[in-house]
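Numbering (the numbering used here), first residue to last: 1 to 94.
We put the beta carbon where it would ideally sit given N, CA and C, even for glycine.
On a predicted model such as this, the values are computed, not experimentally measured, just so you know.
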């Protein structure tokens, strides 16, 4: 089992949820809807200077679903190349 963490601009949240639910049967996840920070050269602080914000989606996926999640997120990244979508996996114990 893996913990998948997706950090992305709020503008693509609905797109990411939609494709995950369409392609990973019964996927369960938790969303942290308002996340501030810095990634690469970009700030997402929800302030007047840096108005954009991110969200974090966390899901625990089976080993055989890991590659599917990676493929799905790569497709979303290709569709929205400027939205700062990042995916992390951490091995998890059940």
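DSSP-derived helix/strand/coil call for residue 86: Sequence index remark: in the chain shown, residue 86 carries index 86 (1-based). Strand, per DSSP.
Backbone CA spacing between residue 69 and residue 48 [nearest angstrom]: One-based indexing of the chain shown puts residue 69 at position 69. One-based indexing of the chain shown puts residue 48 at position 48. Rounded to the nearest angstrom, the gap between the Cα atoms of residue 69 and residue 48 is 34 Å.
Using a 10 Å radius around the Cβ and a threshold of 16 neighbouring Cβ atoms, would you call residue 22 buried or exposed? The residue you call residue 22 lines up with position 22 of the chain shown. Exposed is the call here.
Establish whether the CB of residue 34 and some CB of chain B are separated by less than 8 Å. Among the protein chains of the structure shown there is no chain B, as only one such chain exists.
What is the residue span of the beta strand (DSSP E) that residue 17 lies within? Numbered from its first residue, the chain shown carries residue 17 at position 17. Counting along the chain, residue 17 falls outside any beta strand (DSSP E), though it belongs to the alpha helix (DSSP H) covering 13 to 23.
CA-to-CA distance, residue 27 to residue 61, given in whole angstroms: Taking the chain shown and counting its residues from 1, one reaches residue 61 at position 61. Taking the chain shown and counting its residues from 1, one reaches residue 27 at position 27. Cα to Cα, the separation comes out at about 8 Å.
Residue 55 and residue 87: beta carbons closer than 8 Å? Looking up residue 55 in the chain shown gives position 55. Looking up residue 87 in the chain shown gives position 87. Contact: no.
Residue interval of the beta strand (DSSP E) (run including residue 138): One cannot answer for residue 138 here, as it falls past the ends of the chain, which runs 1 to 94.
To which residues of the same chain is residue 75 closer than 8 Å at the C-beta, ignoring the five residues directly before and after it? Numbered from its first residue, the chain shown carries residue 75 at position 75. 19.
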